[in-house]
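Under the numbering used here, think of the first position of the sequence shown as 85, with each following residue one higher. Backbone N, C-alpha and C define an ideal beta-carbon position, used for all residues, glycine too. One structure below.
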Amino acid sequence: MLLPKNALCIGIILSLLFSLAWAGERIAIQGSTTVLPLVQILAEKYMEKHPEVDISVSGGGSGVGITALLDGITDIAMSSREAKEKEVAEARARGKDLIPVVIAYDAIAVIVHPENPIDTLSLENLRRIYTGDIRSWKDLGGPPVPVVPISREFASGTFEVFNRVILRGEELTPSALMLVSNLTILQEVSSSPGCIGYVGLGYVREKVKVVALEGVLPTKESVRLGKYPLSRPLYLYLARSPEGSVGDFIAFALSEEGQYIVAEEGFIPVRAEENGDSLVVEGGDAHEKPGNP
């Protein structure tokens, strides 16, 4: 039996409304591959508590995330560097703000193959490796094996920190192997005795060896005390004051539980006062900002 046209239309409308009612709220997060694994776990834990919220997390790099935020493609941008002046200017030109929220601290660990006897490097020698002045490990007291420097791609926030602190504006050697993620660098260094690379501390595994810089290894203590030279904050960027589920997720990341996850994943927790008054959570079932984890 055929339904009257009006009844059919009403049925379609009710079906659509029912689907929307069960769709829940969606949060899109995009950006830094260093911040990515941490935020994925935070998102999973948050969704366990709030099954009505669907959070998608994707990489692409810090610059990609901030661009997506300004374009309205993502709700939150992950970044392993501070927003650039041109990005802040672009946000203002669009009538938006770039609001930074520090969710963790990280160190950039310099890694070599486990069989490499080099235990420490000066910042100057590390610079000379990546500018091509040092081409053999023999020049540093190691074996007569060619040095193969591996770097993140230019769009990476990790590269930008490395460039500022180590290269200091000098050209990266054309022989450097440019890779797109921490994981690919980890895999390459672990399989080749001549390679040297750099990754976020949270990515370090036993299959590579971490080299000290100026005699200081990247540890939670050395980063907190400011002794390790390659350390940085990790950010979530917003284009407006957080509200609803976005604000609630940010508050969860900064909560005692969220910062426990930060520590478990090998990053350094933040203290509540470090975000100052820049974070104002409006609406939603917001968690209290944490104390000193």
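- Under the DSSP assignment, lysine 293 falls in the beta strand (DSSP E) whose first and last residues are 293 to 297.
- Partner residues in the beta bridge of methionine 162, as assigned by DSSP, are Gly115, Leu320.
- Contact annotation: the region 178 to 188 touches the region 315 to 326, with at least three C-beta pairs closer than 8 Å.
- In the structure shown, the three-state DSSP call for glycine 331 is helix.
- Beta-bridge partners of glycine 284 (DSSP): Ile192.
- Taking a 10 Å sphere around the C-beta of phenylalanine 246, we find 16 or more other C-beta atoms and assign the residue as buried.
- Under the DSSP assignment, leucine 261 falls in the beta strand (DSSP E) whose first and last residues are 261 to 263.
- Counting C-beta atoms within 10 angstroms of its own C-beta, glutamate 244 has 16 or more neighbours from the protein chains shown and is therefore classed as buried.
- For the 8 Å CB-CB criterion, glutamate 174 and leucine 154 form a contact.
- Contact between valine 283 and alanine 347 fails: their C-beta atoms lie close to 19 Å from each other, not under 8 Å.
- Residue burial is scored here from C-beta neighbours: aspartate 190 has at least 16 other C-beta atoms within 10 angstroms and is therefore classed as buried.
- Arginine 178 carries a coil assignment under DSSP once its states are collapsed to helix, strand and coil.
- Excluding its 5 nearest sequence neighbours in each direction, proline 317 has C-beta neighbours in its own chain below 6 Å: Val186, Tyr189, listed in chain order.
- Taking every protein chain shown into account, the CB of serine 140 has fewer than 16 other CB atoms within 10 angstroms, so this residue is exposed.
- Your pair serine 306 and valine 292 does not check out as a contact, with CB atoms roughly 19 Å apart and the cut at 8 Å.
- For arginine 212, the closest of Leu224, Ile202, Asp203, Pro201 by C-alpha to C-alpha distance is Leu224.
- Separation of cysteine 279 and glycine 147 (C-alpha to C-alpha, rounded to the nearest whole angstrom) is 27 Å.
- Asparagine 266 and glycine 226 do not touch by the CB rule: their CB atoms are close to 24 Å apart, not below 8 Å.
- For aspartate 138, DSSP records a beta bridge to Arg110.
- Short of 7 Å from the beta carbon of threonine 257, and not among the five residues preceding or following it, lie these beta carbons of its own chain, in chain order: Tyr214, Thr215, Gly216, Pro233.
- Within the model, the alpha-carbon separation for glutamate 255 versus glutamate 132 is close to 47 Å.
- 8 Å or more divides the Cβ of glycine 342 from the Cβ of phenylalanine 351.
- For proline 233, the uninterrupted beta strand (DSSP E) run begins and ends at 232 to 236, by DSSP.
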